[in-house]
Amino acid sequence: MTRAPAPPDILCIGAVLWDVIGRTPGHMEKGSDLPGRITRIPGGVAFNIAMTLARFGMRPALLGALGRDPQGTALIAACEGLGLDTGYLYVSEDLPTDIYMAIEAANGLIAAIADAHSLEAAGAKILAPLRDGRLGSATAPYAGPVALDGNLTVSLLEDIAQDPAFGAADLRLAPASPGKAERLLPFLRAGRGALYVNLEEAGLLCQTVFENAPAAAQALIARGAMRALVTDGGRTCAEADADGLITAEPPKVLVTRVTGAGDTFMAAHIAAEGRGDDRSAALAAALDAAAHYVSGDTPS
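The sequence shown begins at 1 in this note's numbering and counts up one residue at a time.
Encoded structure:
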């Protein structure tokens with residue numbers, strides 16, 4: 001008798017695509033033309049979170065959109081090779097697999113473009129497993145953790161914030177980029193989920209500029225967030241909820257890459273809480289994992 005596959009520990013919903021990243025050890029300004037390396041690796045916020053969760057021993061399932069094209073086929077194979085459950089992905093016959101392109105230098109991220117048009121076009125189709133009984137439904141909602149990224153459309157995120165199919169889920173929310181941070185406003189208004197944002201994204205959600213992460217985390221709670229974790233590069237990180245504010249200092253490391261650092265932080269924090277770490281230990285573990293990642297010690 002064939003044993004049924006183990007159910008996922010967590011759902012990662014959002015962008016699953018190819019990252020094309022150019023990196024140079026030099027300092028870049030507008031118009032710079034420098035030697036470096038260009039790589040193509042699996043990426044996207046949902047993928048990055050799932051990959052890190054798998055590395056910590058969890059069983060993540062991906063919900064997103066891919067094209068039924070060579071890029072999509074190769075991406076599914078890469079995901080499965082990393083232990084990610086791809087059985088719930090929406091694979092489109094007429095949409096291409098999405099792609100992200102970035103340039104990084106010694107002075108940080110220079111520029112990036114995320115082409116997630118297929119994910120946006122697929123819309124609610126990617127959520128079918130949560131509504132048709134495979135993972136849950138409106139009457140028997142999925143009750144586990146869900147990592148959700150801001151690459152989804154505003155209207156779909158607004159629906160999710162109120163959808164009974166997500167009513168029992170432990171929502172963990174990532175904006176994907178500062179340009180998409182305000183897409184998470186429905187969750188502030190609904191008082192749902194834990195927000196994982198950087199200082200700039202927190203400012204956009206609160207329509208102000210913050211000097212530090214503790215101030216930003218407290219302001220997000222005041223704006224209606226159930227829980228907020230705010231990072232600020234190598235400076236103090238903060239977490240706030242109804243029980244109060246805690247802070248922690250990131251390890252000092254040499255930064256060699258930045259794309260995916262926030263996703264690594266979020267995944268490591270979720271994994272730490274999943275194994276029973278308290279608030280302070282989970283925050284420290286997340287900062288340590290992110291530091292290892294940006295220093296290049298963690299494989300991408």
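A virtual CB, placed ideally from N, CA and C, is assigned to each residue, including glycine.
Nearest candidate by alpha-carbon position, reference Leu152, set Arg189, Gly133 and Leu63
Leu63
Neighbour-count burial assignment, Met1, 16 or more Cβ in a 10 Å radius
Confidence at Met1 is low in this model, with a pLDDT of 38, below 50, so its placement is unreliable and the value that follows should be read with caution. The residue is exposed, with fewer than 16 neighbouring Cβ atoms inside 10 Å.
Please state if the CB of Cys237 and the CB of Leu220 are separated by a distance shorter than 8 Å.
no
Euclidean distance between Cα positions of Glu200 and Thr259
16 Å
Please classify Arg192 as buried or exposed, where buried requires at least 16 neighbouring CB atoms within 10 angstroms.
buried
Check for me: the alpha helix (DSSP H) holding Arg279 runs from which residue to which?
Arg279 to Val294
Pull the bridge partners of Gly108 from the DSSP assignment, please.
Ala105
Drop a sphere of 10 angstroms on the beta-carbon of Thr139, count the other beta-carbons inside from all chains shown, and report buried for 16 or more, exposed for fewer.
exposed
Nearest candidate by alpha-carbon position, reference Arg235, set Met51, Ala242, Asp243 and Ala215:
Ala215
Cβ separation of Thr231 and Ala242, assumed to be a contact under 8 Å, to the nearest whole Å
Their Cβ separation, rounded to whole angstroms, is 21 Å, which puts Thr231 and Ala242 out of contact at 8 Å.
Compare the C-alpha of Ala267 against each of Lys252, Asn48 and Asp85 and name the closest.
Asn48
The beta strand (DSSP E) enclosing Asp232, as first and last residue numbers
Arg227 to Asp232
Using only alpha-carbon positions, find the residue among Ala111, Leu254, Val253 and Ala190 that is nearest to Phe166.
Ala190
Nearest to Arg172 (by Cα), restricted to the options Gly296, Gln162 and Gly150
Gly150
First and last residue of the uninterrupted alpha helix (DSSP H) at Val45
Val45 to Arg55
Should His269 be labelled buried (16 or more other beta-carbon atoms within 10 Å of its own) or exposed?
buried
Thinking C-beta only, is Leu11 closer than 8 Å to Ala271?
no
Quick check on Leu171: does DSSP put it in helix, strand or coil?
strand
Integer Cβ distance of Leu195 from Ala248, believed to fall under 8 Å:
Incorrect: roughly 17 Å between the Cβ atoms, too far for contact.
Rounded to the nearest angstrom, what separates Asp33 and Glu104 at their Cα positions?
12 Å
Out of curiosity, what's the CA-to-CA distance linking Phe187 and Met226?
9 Å
From which residue to which residue does the beta strand (DSSP E) around Arg235 run?
Arg235 to Asp241
What residues match up with Asp85 in a beta bridge as DSSP calls it?
Ala61
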